[in-house]
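Chains as they are written, first to last, in the numbering used here: chain W, 1294 to 1484; chain E, 3 to 192. Using N, Cα and C, we set each Cβ at its ideal position, and we do this for glycine too.
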Amino acid sequence: MKKDYSKLWTLFKSMFMLSACTFGGGFVIVSLMKKKFVEELKWLDEDEMLDVTAITQSAPGPLPVNASVIIGYRMAGVLGSLTAVLGTILPPMIIISIISLFYEQFRSNPYIAVALQVMRAGVAAVIFDVVINLAKNVIKTKRVLYIAMMIIAFIATYLLGVSAMIIIFTCLGIGLADLAVTLYKKKKGVA
Amino acid sequence: MLLLKLFFAFIQVGMFSVGGGYAAIPLIQEQIVNIYGLMTLEEFSDLITVAEMTPGPISINSATFVGMRLAGIPGVLICSIGCIIPSFCICLTLAHFYYKYRTVSGVQVVLGSLRPAVVALIGSAGASILMLGLFQAEIQNVVLSNIRLVELGIFVVALFILRKFKASAISIILGSGVVGTLIYALMGAI
């Protein structure tokens, strides 16, 4: 029982730290979560983290909150979800509450503006680090279908501005077709 | 009842903002500015600026900001809770089914085809942020001669440290903020 509490504390602490340092959209925090929970803590495997990301993207609501709910549930059930979500929403709640009281000064401070600008380079480096690992694993599957899907999906979202939802649902369709083909082949093989 | 109004406004924001933070912005505007008239459009654009400049999900940031401005700490709690209740319930249900069925081989085949897409989506987010960092522009408006060398240097060094020494993400992000600000300050650019 004691071990479970320490797990909850680690969960809370990790989510709190990640959320406090996440500038930019939801996929930034997903990269950070992947680094933390897959590479550092080894709580989840990599495929699982990608599945969780796909699920969070197809559900409504803020991506980091959705991901916290699922990862928390995986580690410690509903209590884990609550703990993880609390960790995720507390930092922005505290920071914004303070800033909203004197946001004029905050917005016009040149040091803050520069720090936020240069931090983007650091955030980009973290995401690239994670993506290099992930892309390597997709290539390792040696399935031309998967590699092609990854490249086309990247071009579609990044250069053509197709929304993430459409990408996910299109790939879901391809996955279902893939499943149908696999089952058909199996049936034929048996017969 | 202001608090009740805020609560229902943000439940709707949480329920219908499908597809990431930026999808939530027009919804919040509709609820807070257009329907309930709780904020002016000008205050709302300040809110977006602040929400983008600070860490955390945009919808939680805006829920907090709206709550604090309109009703203080109780407002913060009511708005944020309203904002996450829908996704909490939906994701808990999805998580339950995912962990129940994920080892089924058919489910594995379908999930397998989602993974390359997710990698591409994360990569795309990374590329956008890199362009913003290096050129302060989206890819369509990039002018190569506008490249910011300090940011480029930080990106290369940070990526090298990450690949070579497996540094933690947080230390890299905060470190790049501190080092970059120092460099600009030393250059006399601030």
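Proximity below 8 Å, CB of residue i to CB of residue j
| i | j | result |
| --- | --- | --- |
| E:I124 | W:L1427 | yes |
| E:V121 | W:V1331 | no |
| E:G77 | W:P1384 | no |
| E:V35 | E:F46 | yes |
| E:A139 | W:I1420 | no |
| W:M1443 | E:P118 | yes |
| E:V152 | E:I185 | yes |
| E:G84 | E:I149 | no |
| W:R1400 | E:G135 | no |
| W:I1389 | E:F137 | no |
| W:V1407 | W:K1328 | no |
Beta carbon proximity, residue i to chain W, threshold 8 Å
| i | result |
| --- | --- |
| E:N63 | yes |
| E:I30 | no |
| E:Y100 | yes |
| E:P118 | yes |
| E:G84 | no |
| E:A97 | yes |
| E:S121 | According to the sequence as given, residue 121 of chain E is Val; it is not Ser. So, interface residue. |
| E:P76 | no |
| E:Y103 | no |
| E:F10 | no |
| E:A139 | no |
| E:A129 | yes |
| E:F46 | no |
| E:M189 | no |
| E:I174 | yes |
For residue i, the nearest candidate out of the options (CA to CA)
| i | options | result |
| --- | --- | --- |
| W:L1301 | W:R1367, W:R1413, W:F1399 and W:K1433 | W:R1367 |
| E:G197 | E:E44, E:L188, E:A187 and E:I156 | Chain E is shown only over 3 to 192; residue 197 of chain E falls outside these bounds and no answer can be derived. |
| W:A1375 | W:P1384, W:L1383 and W:V1362 | Inspection of the sequence shows that residue 1375 of chain W is occupied by Leu rather than by Ala. W:L1375 has its Cα closest to that of W:V1362, out of W:P1384, W:L1383 and W:V1362. |
| W:Q1398 | E:Y100, E:P57 and E:T51 | E:T51 |
| E:P88 | E:I174, E:F9 and E:L151 | E:F9 |
| E:L154 | E:A119, E:P28 and E:M133 | E:M133 |
| E:L43 | E:I27, E:E54, E:R165 and E:M55 | E:I27 |
| W:S1312 | W:A1441, W:N1359 and W:S1299 | W:N1359 |
| W:K1435 | E:L136, E:L94, E:G114 and E:F167 | E:G114 |
| W:I1405 | E:A129, E:T66 and E:G179 | E:G179 |
| W:A1441 | W:I1467, W:E1339 and W:G1454 | W:I1467 |
| E:D48 | E:S64, E:L146, E:Q33 and E:L96 | E:S64 |
Min CB distance residue i to chain E below 8 Å
| i | result |
| --- | --- |
| W:V1362 | yes |
| W:K1478 | no |
| W:S1324 | yes |
| W:M1368 | no |
| W:M1294 | Residue placement at W:M1294 is flagged as unreliable, the pLDDT there being 43, under the threshold of 50; the coordinate-derived value follows with that caveat. No - not a single Cβ of chain E is within 8 Å of the one on W:M1294. |
| W:M1412 | yes |
| W:I1392 | yes |
| W:K1300 | no |
| W:L1453 | no |
| W:D1471 | yes |
| W:M1308 | no |
| W:V1331 | no |
Whole-Å CB distance - residue i paired with residue j, under 8 Å assumed
| i | j | result |
| --- | --- | --- |
| W:A1418 | E:L161 | 4 Å |
| E:S82 | E:I62 | 6 Å |
| W:L1356 | W:V1323 | 7 Å |
| E:L116 | W:C1464 | 5 Å |
| E:T56 | W:I1392 | 6 Å |
| W:G1252 | E:I175 | Residue 1252 of chain W lies beyond the residue range present for chain W, which begins at 1294 and ends at 1484; the question has no answer from this structure. |
| W:G1373 | E:I86 | In fact, because the Cβ distance is near 15 Å, the residues do not count as touching under 8 Å. |
beta-carbon residue i near the ligand GTP non-hydrogen atom, thresh 7 Å
| i | result |
| --- | --- |
| W:K1479 | No copy of the ligand GTP appears in this structure; indeed no ligand is present at all. |
Review point. Where are the alpha helix (DSSP H) runs, 4 residues long or more, that stay fully inside the segment 1363-1429 of chain W, in chain order?
Key: Runs of the alpha helix (DSSP H) lying entirely within the segment 1363-1429 of chain W, each at least 4 residues long, are 1396-1401 in chain order.
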